[in-house]
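Engineer:
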Amino acid sequence: KVMGLTNLVLVDPACEIDAKSLALAAGAADVVTNAKIVKTLDEAIADCGLVIGSSARSRTLEWPQLDPRESGIKTIEEAAAHPVAILFGRERTGLTNEELQKCHCHVYIPANPEYSSLNLAMAVQTVSYEVRMAFLESQKYTGEKKVDEYPRAKELELFYEHLEKVTTQTQFINKKHPGMVMTKLRRMFTRARPEQQELNILRGILSSIEKSLEHRDK
Numbered sequence: 012k013v014m015g016l017t018n019l020v021l022v023d024p025a026c027e028i029d030a031k032s033l034a035l036a037a038g039a040a041d042v043v044t045n046a047k048i049v050k051t052l053d054e055a056i057a058d059c060g061l062v063i064g065s066s067a068r069s070r071t072l073e074w075p076q077l078d079p080r081e082s083g084i085k086t087i088e089e090a091a092a093h094p095v096a097i098l099f100g101r102e103r104t105g106l107t108n109e110e111l112q113k114c115h116c117h118v119y120i121p122a123n124p125e126y127s128s129l130n131l132a133m134a135v136q137t138v139s140y141e142v143r144m145a146f147l148e149s150q151k152y153t154g155e156k157k158v159d160e161y162p163r164a165k166e167l168e169l170f171y172e173h174l175e176k177v178t179t180q181t182q183f184i185n186k187k188h189p190g191m192v193m194t195k196l197r198r199m200f201t202r203a204r205p206e207q208q209e210l211n212i213l214r215g216i217l218s219s220i221e222k223s224l225e226h227r228d229k
């Protein structure tokens, strides 16, 4: 709240919001009280056009990376066009690889490698500060800035489900041994970040392949 962020969404929290939670909020009890609670991450980000996930730098999951300053600028640039989500994981384990794959990019805090320990509150405050600074900078300029229309997270998940279905039907993906194909395809499309019309074209291509397969099997 001190950085101007008020829309809090909690995904399957371990405990209910109680008096202790409100006391720890220290003046931001309204943010906690009004927090939206959902069961799944998909539900939390369904209507978001940009999803940024907090992550330690990973050597096994290569994904578009931003530092906190870049993530703040990108958040403010796109927030005028569609909802933006910044995801933070669990205090001890963070976000899983599966959860990180649902993000368009990851935000990485370049802390001292000799002592890089940051708790969740520190990470949230660091990233939130950069969002605040980017917002204040944006207020210096007037006039509308064109922002490309991107599909929401729910539409992207439906596309990936469609893509996996068709590539399995064509036997490009072995259903019994799928390997890392879908992860690599997700990474490729995340890097390309298709706009809404481009995603519609891709869905159309997949649908045409399905129709061809149906005719072939008759």
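Letter by letter, the sequence shown follows residues 12 to 229 in this note's numbering.
By construction, the Cβ of each residue, glycine as well, lies at the ideal position given by its N, Cα and C atoms.
Quick one, which of I48, D41 and G64 has its alpha-carbon nearest T201's?
Structural biologist: Nearest option by C-alpha distance: G64.
Engineer: From the DSSP output, in three-state form, read off R101 for me.
Structural biologist: Strand, per DSSP.
Engineer: Just to confirm, are P11 and V118 a CB contact at a threshold of 7 Å?
Structural biologist: The structure shown does not extend to residue 11, since the chain is modelled only from 12 to 229, so the question has no answer here.
Engineer: Candidates E168, H173 and A67: which alpha carbon is nearest S127's?
Structural biologist: With distances taken between Cα atoms, S127 lies closest to A67.
Engineer: Can you check whether the CB of V62 is closer than 7 Å to the CB of I56?
Structural biologist: Their beta carbons are under 7 Å apart, which means I56 touches V62 by this criterion.
Engineer: Using C-beta distances below 7 Å, list every residue in its chain close to T179, excluding the 5 sequence neighbours before and after it, in chain order.
Structural biologist: Same-chain partners within the cutoff: K186.
Engineer: Taking 6 Å as the cut-off, is the CB of D41 close to at least one heavy atom of the ligand MN?
Structural biologist: In the structure shown, the ligand MN is absent, as is every other ligand, since no ligand is present at all.
Engineer: If contacts are defined as beta-carbon pairs under 8 Å, then E141 and G105 qualify, I think. What distance do you get, rounded to the angstrom?
Structural biologist: About 19 Å; that fails the 8 Å criterion.
Engineer: On the CB-based measure, 16 or more other CB atoms within 10 Å of its CB, does G190 come out buried or exposed?
Structural biologist: The residue is exposed, with fewer than 16 neighbouring Cβ atoms inside 10 Å.
Engineer: Anyone know if the C-beta pair for Y161 and E110 falls short of 7 Å?
Structural biologist: Not a contact, by the Cβ cut-off of 7 Å.
Engineer: Are the C-beta of V13 and some C-beta of chain D separated by less than 7 Å?
Structural biologist: Among the chains of the structure shown, chain D does not appear; only one protein chain is present.
Engineer: Under a three-way DSSP split, which group does Q180 fall into?
Structural biologist: In this structure, Q180 counts as helix in the three-state DSSP scheme.
Engineer: Please confirm whether R163 and D29 have their CB atoms less than 7 Å apart.
Structural biologist: Not a contact, by the Cβ cut-off of 7 Å.
Engineer: Between L196 and L174, which are expected to be in contact by the criterion C-beta below 8 Å, what is the C-beta distance as a whole number of angstroms?
Structural biologist: With a Cβ gap of about 7 Å, L196 and L174 count as contacting.
Engineer: For V13, which of helix, strand or coil comes out of DSSP?
Structural biologist: In this structure, V13 counts as coil in the three-state DSSP scheme.
Engineer: Name the two residues that bound the continuous beta strand (DSSP E) containing I63.
Structural biologist: Run containing I63: L61 to S65, per the beta strand (DSSP E) assignment.
Engineer: Give me, in chain order, the residues of the same chain whose beta-carbon lies closer than 6 Å to that of D159; leave out the 5 immediate sequence neighbours on both sides.
Structural biologist: Correct list, in chain order: E206.
Engineer: Per DSSP, which residues does V20 bridge with? Please list them.
Structural biologist: K47, per the DSSP bridge assignment.
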